[in-house]
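Participant: Residue numbers (this note's numbering), protein chains in the order written: chain R, 51 to 462; chain W, 51 to 462. I am attaching a structure below and will ask some questions about it afterwards.
Given below as structure tokens:
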């Protein structure tokens, strides 16, 4: 079977570059933080293209945008393709943007070839995926999926005190489309943001799910004392359990290789004085694993080794969960649709888990969901140097097109 | 032999409380930061007392103040007793203040008993010992002893950009007395700021010297990477060498017990993001030992174990010395004068090293120097709760009086 419909990689690349110019940074990245004027300018550019392509536009109450190409069956549920257009403050040109414009390239390709699908095709632009200006990531899809209430999200403020609600009203983005409407399927095309595909040489990652993510804030409490006058055996110095705990945590991660991810970060201590034994030291741990039960047992192991380290040196400690996302397993039909599309396109692929969270995690709570990854240079993301090959971008959109056609049923 | 001259512990305590009321904090401490209006008010209070007691007042170019009670021999070098009146922002009532007012109590006791000494007695108030507002500690005595040039010190600014020179001029403290003039002896009475005397039950610490102090700033450099997508075996995570280094440092300290003091502090990491492997982690190490050669060998061992930890995990590192004070051994005649005074007063004493730096460290470069410690509650200092017993304060002043008389030679 030879595919008779194709995406246009040059048009896609040109649109990616046009979008990157909105909020372009001197170092070659983009800065379109959520609900800013630059975010609006990026969306306006997209809406112009979508309307020119014959799409109708809908907004829901948290500003999620859906550009719809009707199908032949008015009762068919839509196949939704999408991601986000907002970026980190020093963001790259592809994170999120590629999923939106790749989805829109599918619409354009269907127009080019006058293909009508039974199900409508919609391109989704989720609001504030990055969470850098308003500190909750994957915000729009969370409200859409019922994970967060709209009122709570509207009240979130940025550093200058402006709220999400203020900005939604100012931009005219508080629409009326229903949250969580039934979908035939949701597919999100994304750069891998990691090094696995680049290392293996696969052009496509057929994403099977997203690993569970749990963030901890750890506090080890000692007793502040004069660095010069207090004998060592009379101290409760939290840096002793810190050393033990860090070594223990890394040993634990090594023992559960290769699937666990464990990242201690955000180290701080008080008082900020070099000649006082710290009163307390704090740090965070980002721990991830694709299997929920394993994540639970690692959680218990983590708590136990921090407790042992603290107790061994007379220190108190606290371990607090500050973020918790269960592992997501994507819909088998969507995974197979992506895999089969890659096969039909003759593109080298492999099954892969996602290390990062995506809007697809929330959508998966409501609808059959899948994701497609393409390799990115050095696995680099959240960085102005983030880069992909134009050919790789084209291959991803082509697989997305054929997976979408599979799920949407070609009518003519 | 029965001592016929005595200090008045009630007068001393009353003066300590009067001084504590200048810049008193709600939590019961004092806030008289160097060269502030509160520091001036404290000095003005002292100068009033000193002039009433018949002393003449002299200032040198960095604001060090000397209140002089003449001796009978115009050619005799002065015996100087002193410390500082400036405090930490949340300082206690005794650190420094006790050495100045204890020294002045000696003058008052000599007046009470109409004792004339051959050598003059001077009470010294050194400028900015704490270094909390203007960030160099023991500043005034450093200039006096030629350790720091006056010009450099005058240029030091506080957080609001006001310089030491500005404040010296504003307060009229830039005097003309010579720096580093020859002294018969310098004695500094101070609270121990540590728990040793309290634990042993000794009322007096005959201080034999001050341990060497070296401060390091350590940076361990990794490579920032996405916490979710980067496989563990592809990371250069600086928290791995941090764990190893902390354990190694504490093991090293334990192996050199009990004389070494080792304090890792001021932990920080960048970027401040819980889902990124840190680019780098920084911390300080305060290391102290009374023996210069041992301090050098510990320095080498410290560098070696940090280097090994970093290299074991593919990280770069830097170890920078940010402060370095050689160990001080006090003058044998001064040490014996203090010890003999304690014996004659019938007060339980022990020889002790100082864990903290004091103005006496600088003065010792120029003149025979000794120190006297008294126990303080729970060894607590640099804290508004810093406390000593009135009886302990009196015993320290009494020993200071008799050591000073020994060194100054009673004339009548």
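All residues carry an ideal CB built from backbone N, CA and C; glycine is no exception.
Please go through the same chain and pick out, in chain order, the residues whose beta-carbon is closer than 7 Å to the beta-carbon of residue 51 of chain R, but skip the five residues on each side of it.
Facilitator: Mapped onto the first chain, residue 51 of chain R falls at position 1. The predicted position of residue 51 of chain R is uncertain, since its pLDDT is 49 and thus under 50; no value can be drawn from it.
Participant: Mind pulling the chain W residues with CB within less than 7 Å of residue 336 of chain R?
Facilitator: Translated into positions along the first chain, residue 336 of chain R becomes position 286. Correct list: 277, 324 and 325.
Participant: When the Cβ atoms of the stretch 445-458 of chain W are set against those of the stretch 149-168 of chain W, are three or more pairs found closer than 8 Å?
Facilitator: yes
Participant: Check whether chain R comes within 8 Å of residue 206 of chain W, counting only Cβ atoms and requiring the distance to be less than that.
Facilitator: For the purposes of this step, residue 206 of chain W is identified with residue 156 of the second chain, where counting begins at 1. No, no contact with chain R.
Participant: Under three-state DSSP, which class holds residue 352 of chain W?
Facilitator: Looking up residue 352 of chain W in the second chain gives position 302. The answer is helix: DSSP assigns residue 352 of chain W an H, G or I state.
Participant: Taking 8 Å as the cut-off, decide whether the C-beta atoms of residue 330 of chain W and residue 280 of chain W are in contact.
Facilitator: As a working note, residue 330 of chain W is residue 280 in the second chain. As a working note, residue 280 of chain W is residue 230 in the second chain. Against a cut-off of 8 Å, the Cβ pair of residue 280 of chain W and residue 330 of chain W comes out as no contact.
Participant: What three-state label does DSSP hand residue 176 of chain R in the structure shown?
Facilitator: In the first chain, counting from the first residue as 1, residue 176 of chain R sits at position 126. Here residue 176 of chain R sits in strand by DSSP.
Participant: Comparing C-alpha positions only, which one of R:421, R:108 and R:79 sits nearest to residue 225 of chain R?
Facilitator: Along the first chain, read from residue 1 onward, the residue named residue 225 of chain R stands at position 175. Per the Cα distances, R:108.
Participant: Report the CB separation of residue 257 of chain W from residue 399 of chain W in whole angstroms; it is logged as a contact under 8 Å.
Facilitator: In the second chain, residue 257 of chain W corresponds to position 207, counting from 1. In the second chain, residue 399 of chain W corresponds to position 349, counting from 1. Cβ-Cβ separation between residue 257 of chain W and residue 399 of chain W: approximately 10 Å, too far for a contact (criterion under 8 Å).
Participant: If I follow the unbroken beta strand (DSSP E) through residue 256 of chain R, where does it start and stop?
Facilitator: Within the first chain, numbered from 1, the residue matching residue 256 of chain R stands at position 206. It spans 254-260 - the beta strand (DSSP E) in which residue 256 of chain R sits, taken as one unbroken run.
Participant: Assuming residue 370 of chain R is part of the alpha helix (DSSP H), what are its boundary residues?
Facilitator: To locate residue 370 of chain R, count along the first chain from 1; it is residue 320. Not the alpha helix (DSSP H): residue 370 of chain R falls in the beta strand (DSSP E), residues 366-375.
Participant: Quick check on residue 462 of chain W - is its C-beta less than 8 Å from some C-beta in chain R?
Facilitator: Along the second chain, one-based indexing puts residue 462 of chain W at 412. Residue confidence for residue 462 of chain W is low, a pLDDT of 48 falling below 50, so the modelled location carries little weight and cannot support an answer.
Participant: Could you work out which residues of chain W lie near residue 405 of chain R, taking near to mean beta carbons separated by less than 9 Å?
Facilitator: Along the first chain, one-based indexing puts residue 405 of chain R at 355. Here the neighbours are 276, 277, 278, 279, 280 and 281.
Participant: Look at the alpha carbon of residue 70 of chain R and the alpha carbon of residue 143 of chain R, and state the distance between them as a whole number of angstroms.
Facilitator: By one-based count along the first chain, residue 70 of chain R stands at place 20. By one-based count along the first chain, residue 143 of chain R stands at place 93. Going by the C-alpha atoms only, they are around 5 Å apart.
Participant: If the criterion is Cβ atoms closer than 8 Å, does the pair residue 412 of chain W and residue 348 of chain W meet it?
Facilitator: For the purposes of this step, residue 412 of chain W is taken as residue 362 along the second chain, with counting starting at 1. For the purposes of this step, residue 348 of chain W is taken as residue 298 along the second chain, with counting starting at 1. No.
Participant: Taking the alpha carbon of residue 56 of chain W as the point to measure from, which residue in W:391, W:427 and W:438 has its own alpha carbon closest?
Facilitator: Walking along the second chain from the start, residue 56 of chain W turns up at place 6. Residue 56 of chain W has its Cα closest to that of W:391, out of W:391, W:427 and W:438.
Participant: Return helix, strand or coil for residue 85 of chain R, following the three-state DSSP convention.
Facilitator: Taking the first chain and counting its residues from 1, one reaches residue 85 of chain R at position 35. In this structure, residue 85 of chain R counts as coil in the three-state DSSP scheme.
Participant: Thinking C-beta only, is residue 339 of chain R closer than 8 Å to residue 293 of chain W?
Facilitator: Counting from 1 along the second chain, the entry for residue 293 of chain W is found at position 243. Counting from 1 along the first chain, the entry for residue 339 of chain R is found at position 289. No.
Participant: Taking 8 Å as the cut-off, decide whether the C-beta atoms of residue 371 of chain W and residue 264 of chain W are in contact.
Facilitator: Here residue 371 of chain W is taken as the residue at index 321 of the second chain, counted from 1. Here residue 264 of chain W is taken as the residue at index 214 of the second chain, counted from 1. Contact flag set, yes.
Participant: Can you find the residues in the same chain that come closer than 7 Å, C-beta to C-beta, to residue 442 of chain R, ignoring five residues on each side of it along the sequence?
Facilitator: What you label residue 442 of chain R is simply residue 392 of the first chain in a count that begins at 1. Sequence-distant Cβ neighbours of residue 442 of chain R in its own chain, meaning closer than 7 Å and more than five residues away, are 253, 424 and 425.
Participant: Closest by CA to residue 119 of chain R, which one among R:248, R:196, R:160 and R:94?
Facilitator: Taking the first residue of the first chain as 1, we reach residue 119 of chain R at position 69. Taking only the C-alpha atoms, the option nearest residue 119 of chain R is R:160.
Participant: Going by DSSP, what residue range makes up the alpha helix (DSSP H) through residue 69 of chain R?
Facilitator: The residue you call residue 69 of chain R lines up with position 19 of the first chain. Looking at the DSSP string, the run of the alpha helix (DSSP H) that includes residue 69 of chain R is 59-70.
Participant: Rounding to the nearest angstrom, what Cα-Cα distance links residue 421 of chain R and residue 102 of chain R in this structure?
Facilitator: Counting from one through the first chain, the residue named residue 421 of chain R turns up at place 371. Counting from one through the first chain, the residue named residue 102 of chain R turns up at place 52. One C-alpha to the other measures close to 27 Å.
Participant: Taking buried to mean at least 16 other C-beta atoms within 10 Å of its own C-beta, is residue 414 of chain W buried or exposed?
Facilitator: In the second chain, counting from the first residue as 1, residue 414 of chain W sits at position 364. With 16 or more other Cβ atoms within 10 Å, it is buried.
Participant: Which class does residue 382 of chain W belong to by DSSP, given the choice of helix, strand or coil?
Facilitator: Taking the first residue of the second chain as 1, we reach residue 382 of chain W at position 332. Helix at residue 382 of chain W.
Participant: To the nearest angstrom, report how far apart residue 61 of chain W and residue 200 of chain W are at their CA atoms.
Facilitator: If you number the second chain from 1, residue 61 of chain W lands on position 11. If you number the second chain from 1, residue 200 of chain W lands on position 150. Those two C-alpha atoms are separated by around 37 Å.
Participant: Mind checking the stretch 346-361 of chain R against chain W and listing, in chain order, the residues whose C-beta falls within less than 8 Å of any C-beta there?
Facilitator: Result list empty, no residue passes.
Participant: Could you tell me which of W:438, W:297 and W:171 sits nearest to residue 122 of chain W, measuring between CA atoms?
Facilitator: As a position in the second chain, residue 122 of chain W is number 72, starting the count at 1. Of the listed residues, the one whose Cα sits closest to residue 122 of chain W is W:171.
Participant: Does any residue of chain W bring its CB to less than 8 Å from the CB of residue 35 of chain R?
Facilitator: Beyond the ends of chain R as shown, which are 51 and 462, falls residue 35 of chain R; an answer cannot be given.
Participant: Go ahead and pull the three-state DSSP assignment for residue 344 of chain R.
Facilitator: As a working note, residue 344 of chain R is residue 294 in the first chain. In the structure shown, the three-state DSSP call for residue 344 of chain R is helix.
Participant: Which same chain residues end up closer than 8 Å to residue 54 of chain R when comparing Cβ atoms and leaving out the 5 residues on each side of it in sequence?
Facilitator: Here residue 54 of chain R corresponds to residue number 4 of the first chain, with the count starting at 1. 163.
Participant: Evaluate the contact criterion for the stretch 350-358 of chain R versus the stretch 232-249 of chain R: three or more CB pairs, one atom per stretch, below 8 Å.
Facilitator: no
Participant: Mind checking if residue 99 of chain R is an interface residue toward chain W, Cβ cutoff 8 Å exclusive?
Facilitator: In the first chain, the residue the question calls residue 99 of chain R occupies position 49. No, residue 99 of chain R does not count as interfacial toward chain W.
Participant: Threshold first: 3 residues or longer. Then list the beta strand (DSSP E) segments lying entirely within the stretch 131-214 of chain R, N to C.
Facilitator: 171-176
Participant: In the DSSP assignment, the beta strand (DSSP E) including residue 400 of chain R goes from what residue to what residue?
Facilitator: One-based indexing of the first chain puts residue 400 of chain R at position 350. Taken as a continuous stretch (DSSP letters only), the beta strand (DSSP E) holding residue 400 of chain R covers 399-404.
Participant: Could you check what DSSP says for residue 218 of chain R in three-state terms: helix, strand or coil?
Facilitator: Reading the first chain from its first residue, position 168 is the one you call residue 218 of chain R. DSSP, reduced to helix, strand and coil, places residue 218 of chain R within a helical segment of the structure shown.
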